[in-house]
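The sequence shown finishes on residue 104 if you use the working numbering, and the numbering steps up by one all the way, no holes.
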Amino acid sequence: PLESCGLEVERLQRLACAALFLSSARRLPGGGYRLCRPVEEALAPHARFQLHPASVLAGVQSDAPADFVVFVEAVGVGDRACLRHCTRVRHEWLPELAPHYFRGVAAGAAREDT
């Protein structure tokens, strides 16, 4: 039978996290995002991103920043790389929903980039 998640958006967020785990990013102290997966920055055109200005999450960053997001698309906006069609996820979902890929992800607030 067809079932809706109703107002339980966490079910939809978990689904997006499971499907888009390779497109996960964590927030950096400056407000930008870096991919959770290892990326050789010298070979990658972009490994650091901003939220797309039209994103709802970009509008609430000052009040409720998303520490971890998954996204559908990364696009160039001027000289910046931006994440579009993204949703916040909980850090503990990444190793739970993709244990074959994530052994552990740093929790909580943004931390210095390593």
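Quick reminder that beta carbons are idealized off the backbone N, C-alpha and C, glycines included.
- By the CB criterion at 8 Å, Val79 and Val59 fall inside the cutoff.
- A residue is called buried once 16 or more other Cβ atoms fall within 10 Å of its Cβ, and Cys(-5), having fewer, is exposed.
- Below 8 Å, enough C-beta pairs join the region 66 to 74 and the region 35 to 42 to call them touching: three or more.
- Scanning its chain for C-beta atoms nearer than 7 Å, with the 5 sequence neighbours on each side dropped, one finds around His36 the residues Ala64, Ala71, in chain order.
- Within the same chain, and ignoring the five residues on either side of Arg24 in sequence, the residues whose Cβ sits closer than 8 Å to its Cβ are Ala15, Arg16, Leu18, Ala37, Arg38, Phe39, Asp103.
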